[in-house]
Amino acid sequence: MKVAIIGGTGYGAIELIRFLYNHPYTEIEAIISHSQSGERLDSVYPHVTDLVIEPLETLNIDQLAERVELVFFATPPGISKKLAPGFLAKRIKCIDLSGDFRLKSSQVYQDWYQGSAAEQQYLDLAVYGLSEIYTEEVKNAELIANPGCYPTASLLGLIPALNHGMVDPQSIIIDAKSGVSGAGRSTSLNTHYPEMNENLKAYKLGQHKHIPEIEQALQIEAGKELKVAFSTHLVPMTRGIMSTIYVNAIEEISTKEVIEAYTAFYDGHPFVRVRREGELPATREVYGSNFCDLGFYSDQRTGKLTIVSVIDNLVKGASGQAVQNMNLLNGWEPSTGLNYLPIYP
Ligand SMILES: NC(=O)C1=CN([C@@H]2O[C@H](COP(=O)(O)OP(=O)(O)OC[C@H]3O[C@@H](n4cnc5c(N)ncnc54)[C@H](OP(=O)(O)O)[C@@H]3O)[C@@H](O)[C@H]2O)C=CC1
Ligand SMILES: CC(=O)N[C@@H](CCC(=O)OP(=O)(O)O)C(=O)O
Numbered sequence: 001m002k003v004a005i006i007g008g009t010g011y012g013a014i015e016l017i018r019f020l021y022n023h024p025y026t027e028i029e030a031i032i033s034h035s036q037s038g039e040r041l042d043s044v045y046p047h048v049t050d051l052v053i054e055p056l057e058t059l060n061i062d063q064l065a066e067r068v069e070l071v072f073f074a075t076p077p078g079i080s081k082k083l084a085p086g087f088l089a090k091r092i093k094c095i096d097l098s099g100d101f102r103l104k105s106s107q108v109y110q111d112w113y114q115g116s117a118a119e120q121q122y123l124d125l126a127v128y129g130l131s132e133i134y135t136e137e138v139k140n141a142e143l144i145a146n147p148g149c150y151p152t153a154s155l156l157g158l159i160p161a162l163n164h165g166m167v168d169p170q171s172i173i174i175d176a177k178s179g180v181s182g183a184g185r186s187t188s189l190n191t192h193y194p195e196m197n198e199n200l201k202a203y204k205l206g207q208h209k210h211i212p213e214i215e216q217a218l219q220i221e222a223g224k225e226l227k228v229a230f231s232t233h234l235v236p237m238t239r240g241i242m243s244t245i246y247v248n249a250i251e252e253i254s255t256k257e258v259i260e261a262y263t264a265f266y267d268g269h270p271f272v273r274v275r276r277e278g279e280l281p282a283t284r285e286v287y288g289s290n291f292c293d294l295g296f297y298s299d300q301r302t303g304k305l306t307i308v309s310v311i312d313n314l315v316k317g318a319s320g321q322a323v324q325n326m327n328l329l330n331g332w333e334p335s336t337g338l339n340y341l342p343i344y345p
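End of the sequence shown sits at 345 in the UniProt record's numbering; the numbers just go up one at a time, nothing left out.
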C-alpha cells in the first residue's frame, strides 16, 4: 500500500519513516514538506543517507490522492483540519497525529486549542485511535485521530481500573513527565539546552490541551462526567513519558488482584505489558519501542492505588501507535513493522 507523510521534516514524520521503512506491506510514496520541499530528506536527517532517497515534495492534494491510499499527518495542530477533508472526499484514509480531530465537541476544542475546530462532520467521523481500547472502531475508520502522548500513557493506565469499577472516577490525579522530543523539533527557550539540562520543570498546570482529551475518554468508561487533576513536567531526557497516577480504591484491593485484573484486560494486546508485583517500569525499558508498560502499588494504609505507566512519546505516543492503527485498518497483524525490542541501555 502506498502512503504519504505530511509534515515531513518533523520528529513524528522521521519516526514514521523509521517504521514504514521496514514495513512489509507499505511503500512511502511521498514525503511532503512545506518548509523544505525540493531538498533531500538526508540533507535534513543524515542518518537516513542512502536509505530513504525520496525528495521532499510540495503538497498537491489532487495529484497525491492519485498516488496513495493513506496519508499520515505529522503536522502541528490547525493544519490537518484544513487538509484532511480534501483527501477524505477522494476516499483516501487519513491518520492524524495532531489533536485536530480528537475532541468531539468543537466548543471544547476552541476553549483548549484557542482556534476554531474542524467541521463537526469530521469530528463525528474521526475514530479516536487508542489502539488497544478502540480496536474494532479503528478497523473500520476513514479518519483516525491518533491520541496525544500523555493521554496514551494515562488512559492505558486508567481505563481498566474504571472499567472494573475498582476506583473512584472523581479522585484521579495524573502526575506526568515527558522527555523534550515531546515538544517537537523546532527550538524554543523552554527546550534550549541550558534551560532544560539538569533541570525539572512543571508547566501548563490546569491549562494543558490533553486535559479535555483524557476526560473525554474516561467519561465514556465511567459513564458519567468527571474531572482529572493533571500536571505535566519537562524532564531532561530525549524520549519517554511516565504518568504516575493516583486514584482512590473503592474497596480494599491488593496489588496482586489489580495486576490480575489488568493482565486479563490486556490479554491479546502484546504492546501493553503488565509488570509483576514489586516491579515498576522505567522509561528506558520502552525506549524506541511501541510498548506501554504498567506497574502498580495498592497502598492498604491510604486506600490509594498508584499506577505507573511508561511509553516512548514518539512511538506508542505518536508514530508507533499510528502505524499500529494503519495495521488494524488494513487487517494486518497489529505489530507488523513494529516488532522492535526497546533500545537498552
Ligand atoms: N513529539 C511527540 O512526542 C508527539 C507529537 N504529537 C503530535 O504530532 C504532530 C507532529 O509532532 P512533531 O513531529 O513532534 O512536531 P515537529 O515540530 O517536530 O514537526 C512538525 C512538522 O510539521 C510541519 N509544519 C510545521 N508548521 C507547518 C505548517 N504551518 N503547515 C504545514 N506543515 C507544518 C513541519 O515540517 P515541514 O516543514 O517539513 O512540512 C514540522 O517539522 C504534532 O501535532 C504533535 O503535537 C503527538 C504525540 C507525540
Ligand atoms: C514536552 C512537551 O512539550 N510535550 C508537548 C506534548 C504535545 C503533544 O505532542 O501533544 P499533541 O499531539 O496533543 O499536540 C506538550 O506538552 O505540549
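Don't be surprised by glycine CBs; every beta carbon is placed ideally from N, CA and C.
Close Cβ partners of residue i (< 7 Å) along its chain, the five nearest in sequence each way excluded
{"i": "D293", "result": "R273, R275, P281, E285, V286 and V310"}
{"i": "S171", "result": "V247 and N248"}
{"i": "E277", "result": "T255, K256 and I259"}
{"i": "F19", "result": "S319, G320, V323, G337 and L338"}
{"i": "S131", "result": "V138, Q321, Q324, N325, L328 and P334"}
Check: residue i C-beta below 7 Å from any heavy atom of ligand 2
{"i": "H208", "result": "yes"}
{"i": "K2", "result": "no"}
{"i": "V323", "result": "no"}
{"i": "S178", "result": "yes"}
{"i": "K204", "result": "yes"}
8 Å Cβ cutoff met for residue i and residue j
{"i": "S80", "j": "D96", "result": "yes"}
{"i": "G240", "j": "D312", "result": "yes"}
{"i": "I28", "j": "E54", "result": "yes"}
{"i": "I17", "j": "V48", "result": "yes"}
{"i": "V167", "j": "L51", "result": "no"}
{"i": "residue 357", "j": "L70", "result": "Residue 357 lies beyond the range of the chain shown here (1 to 345); nothing can be said about it."}
{"i": "K227", "j": "E213", "result": "no"}
{"i": "G7", "j": "T75", "result": "yes"}
{"i": "A145", "j": "A126", "result": "yes"}
{"i": "A176", "j": "A153", "result": "yes"}
{"i": "I159", "j": "A229", "result": "no"}
{"i": "L162", "j": "F101", "result": "no"}
Three-state secondary structure assigned by DSSP to residue i
{"i": "S186", "result": "coil"}
{"i": "I253", "result": "coil"}
{"i": "M242", "result": "strand"}
{"i": "Y203", "result": "strand"}
{"i": "F291", "result": "coil"}
{"i": "T232", "result": "strand"}
{"i": "F271", "result": "coil"}
{"i": "A261", "result": "helix"}
{"i": "A282", "result": "coil"}
Same chain, Cβ closer than 6 Å to residue i, five either side skipped, listed in chain order
{"i": "K139", "result": "L328"}
Contact test: residue i Cβ vs ligand 1 heavy atom, cutoff 7 Å
{"i": "H233", "result": "no"}
{"i": "I144", "result": "no"}
{"i": "S35", "result": "yes"}
{"i": "G38", "result": "no"}
{"i": "I79", "result": "yes"}
Other residues of its chain near residue i: CB distance less than 8 Å, five sequence neighbours each side excluded
{"i": "Y203", "result": "N190, T232, H233 and L234"}
field: Length-filtered (4 minimum) alpha helix (DSSP H) runs lying within the segment 125 to 173
entry: 135 to 139 and 149 to 163
query: Which runs of the alpha helix (DSSP H) fall wholly inside the segment 304 to 339 and span at least 4 residues, in chain order?
result: 320 to 329
Beta strand (DSSP E) runs contained entirely in the UniProt domain "Semialdehyde dehydrogenase NAD-binding" (2 to 141), provided each spans 3 or more residues: 2 to 6, 27 to 32, 70 to 73 and 93 to 96
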